[in-house]
Amino acid sequence: MARIGALAAACLLLAAPAQAQSVPPSDDVRLAPCMDRQRPAAERARLCRALGDTAEVPVALRRQAREAEARALLEASDWDGLLRAADALLVADPADRLGHAMRGHTYLYRQGPGDAERARDAYTEGMKHAPNAYLFPNNRGIARSMLGDADGALADHSLALSLQGDYGPALLARSRLLNARGDHAAALKDIEAGLKPAPDSIPLLDEQSRALVGLGRQREAITALDKVTSLAPQRPLLHFRRGLIRAELGDNDGAIADFTREIAVSPELPGAYVQRGRLRLDVKKDDAGARADYDKAIAVAPAFAMGWSHRSRARLMAGDVPGAEVDAIQALKLDPRDPIAKLTLAGLADMRGAPEESVKLLDEVLAVQPAVVEVRLEQIALLMRLNRDEDALRSVRAGHALARANLDLIDIEAALLLRLRRIPEGKAVLDRAIADGHRRASIHANRAAFAVYLRDFSLAQGDVAAALALEPGHLAANALSGLLAVRARDWRKAEATAGVALASDPDHGMALAVKAEVLRQQGKTAEADRVLAMARRKDPRFTDLVRMIQER
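Per this note's numbering, the very first residue in the sequence shown carries number 113; after that it's consecutive.
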């Protein structure tokens, strides 16, 4: 209501204030009492109506009195009075543009059942009698927005701008519609046009920040919000939205400060408590502070599902399994699509040995939020544990389509293709990643493994060296270095590099297989057999790989 009302207030199809009108000096005296803003709006409306009903008053002054009466009635929210005044004008003259405007404003502001349709129709009727009046289509666009007719509203605001290209309220209204449909570049163009004559317009600066976020220009969005908050520090949601952007950019302290400011401005806003709690839990490791925030979110808005779902996650992390389950179930009662609650229940299902149920819940989350990589990674890990490698590979590739530069997905795709023995395909994935400029130790180490299977030992040696240069302690790279040292009969290097890997993970299958071969060369057959059995239990492929690599 506040958002629509602010637009409508800027779009009144009434004359300019009295001081801006050209009125004969002798008439100013009679008009002054009903324009005196020291008087209550209802009293001003009564005085204006009396002046407008005086037959001896010149027609131009009576018209100004009617317009001033309409403004006063609107200010007083006297919808019945405004409608009576409009009807009186339209009975006298069905083409009276002020009458149609007053009728439209009544319905637009009153917002009773069917009023949005009535407002739309009133402005449509006004357009018939004043086709070049840009305010009629603009206000009809507001009514259409209220009716959910975004296309019609966009067309109306565009029509208004074709009649008056610099009309600020139409630029603002159209930019909001464009932002809502994701056309942020076009929205920004409208906003910039509106800001030229009004650089401190709070609604335009607010909308500018939304467009900039949509275009991925978060730092510029923060600059826009900085200006808005300096102009209107008590405006709701400004600090909250700036906090979300700062959190996305990794400025967690700044984000927490913004959520705290928002709570001071809007203590009833549960989302601010939830977002501050999330950062306190995940970044500051302040379990008590996070729980206090989630408790407060639930206290101020018991029907807000995210308060319950985030508290369920905090309880699960703290080991409070029964509390976590109760909160998650309550969250899903309030919002059956809540992703955090489903993640909690997925974790609980996995804990009690029901991975298939866990996968089902994660699938539901991804159906709603397919671009959340963290959820996809959990789902893929479960699918791999269930040996559903083809399903896991399909999920990896669906994730790639939404987050092409995610290196975790690249590594997992390579691991899956290795498990599926699709060696050339896996190497091609890693070739593309490296050609795209991705420098990560695991990517080079994974390609080295594929190169070993393809017996391209020169490439394997180069990738291992690249991986260790990026991350000297990288586990798989050290194990592969040991494997290549076995091939070169460099037993000292094989023992050293396998030892580095086993220091990080004593059960690493490839490193164990390398160690077993080193022990065999040292004549420690019994110990070599024991270590080889451990490697085979971990993954028999690694023992086969050690044998294969020694074949000339």
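Glycine included, every Cβ here is placed at the ideal spot set by N, Cα and C.
Go to residue i, then tell me how far its alpha helix (DSSP H) extends in each direction, as first and last residue.
i: N244; result: Careful: N244 lies outside any alpha helix (DSSP H) and carries neither H nor E.
i: Y219; result: 209 to 222
i: R174; result: 171 to 187
i: D617; result: From DSSP, D617 is part of no alpha helix (DSSP H); its letter is neither H nor E.
i: R531; result: 519 to 531
i: R509; result: 501 to 514
i: T456; result: 451 to 463
i: D543; result: 535 to 547
i: V484; result: Here V484 belongs to no alpha helix (DSSP H), and DSSP marks it neither H nor E.
i: R161; result: 153 to 164
i: K301; result: 296 to 307
i: L587; result: 587 to 599
i: G280; result: 280 to 292
i: R347; result: Where R347 is concerned, there is no enclosing alpha helix (DSSP H), given that its DSSP letter is neither H nor E.
i: R552; result: Here R552 belongs to no alpha helix (DSSP H), and DSSP marks it neither H nor E.
i: D199; result: 191 to 204
By the three-class DSSP mapping on this structure, what secondary structure does residue i have?
i: V395; result: coil
i: P136; result: Residue confidence is low: P136 scores 41 on pLDDT, short of 50, so the model does not pin down where it sits. No coordinate-derived value is stated.
i: P434; result: helix
i: T341; result: helix
i: F416; result: coil
i: E380; result: coil
i: Y235; result: helix
i: T335; result: helix
i: Q634; result: coil
i: K320; result: It is worth fixing the name first, because residue 320 is Gln in this sequence and not Lys. The answer is helix: DSSP assigns Q320 an H, G or I state.
i: A402; result: helix
i: L356; result: helix
i: S424; result: helix
i: A466; result: coil
i: A310; result: coil
i: P584; result: coil
i: G277; result: coil
i: L571; result: helix
i: G611; result: helix
i: D602; result: coil
i: A120; result: Caution applies to A120, whose pLDDT of 40 falls short of 50 and renders its modelled position unreliable; the model cannot decide the point.
i: D268; result: helix
i: D363; result: coil
i: Q491; result: helix
i: R329; result: coil
i: G260; result: coil
i: G389; result: helix
i: R149; result: coil
i: P448; result: coil
i: E229; result: helix
i: A167; result: coil
i: D651; result: coil
i: L644; result: helix
So, residue i versus residue j, is the Cβ gap smaller than 7 Å?
i: L259; j: A228; result: yes
i: S749; j: L337; result: Missing from the structure shown is residue 749; the chain here goes from 113 to 664 and no further.
i: H556; j: L519; result: no
i: G164; j: A182; result: no
i: A606; j: V626; result: yes
i: R388; j: D405; result: yes
i: D253; j: A231; result: Per the sequence shown, residue 253 should be read as Gly rather than Asp. No; because the gap between Cβ atoms is not below 7 Å, this pair is not in contact.
i: L316; j: L284; result: yes
i: G383; j: R392; result: no
i: I522; j: A545; result: yes
i: A613; j: L587; result: yes
i: C146; j: A200; result: no
i: A417; j: D450; result: yes
i: I357; j: A333; result: yes
i: L202; j: G211; result: yes
For residue i, decide whether its Cβ has a neighbour in chain B, counting only Cβ atoms nearer than 7 Å.
i: A466; result: The structure shown contains no chain B, having only a single protein chain.
Quick one: is the Cβ of residue i within less than 6 Å of any heavy atom of the ligand GTP?
i: I357; result: As for the ligand GTP, it is missing from this structure, which has no ligand bound.
Any contact between the segment 618 to 628 and the segment 578 to 591? By contact I mean 3 or more CB pairs, one from each, below 8 Å. yes
Within the chosen definition, does the segment 332 to 344 reach the segment 374 to 383 through at least 3 CB pairs nearer than 8 Å? no
Count the C-beta pairs between the segment 166 to 173 and the segment 146 to 157 that are closer than 8 Å, then say yes if the count reaches three, no if not. no
Any 3 or more C-beta pairs closer than 8 Å across the segment 535 to 548 and the segment 629 to 641: no
Quick check: the segment 506 to 514 against the segment 529 to 539, are at least 3 beta-carbon pairs closer than 8 Å? no
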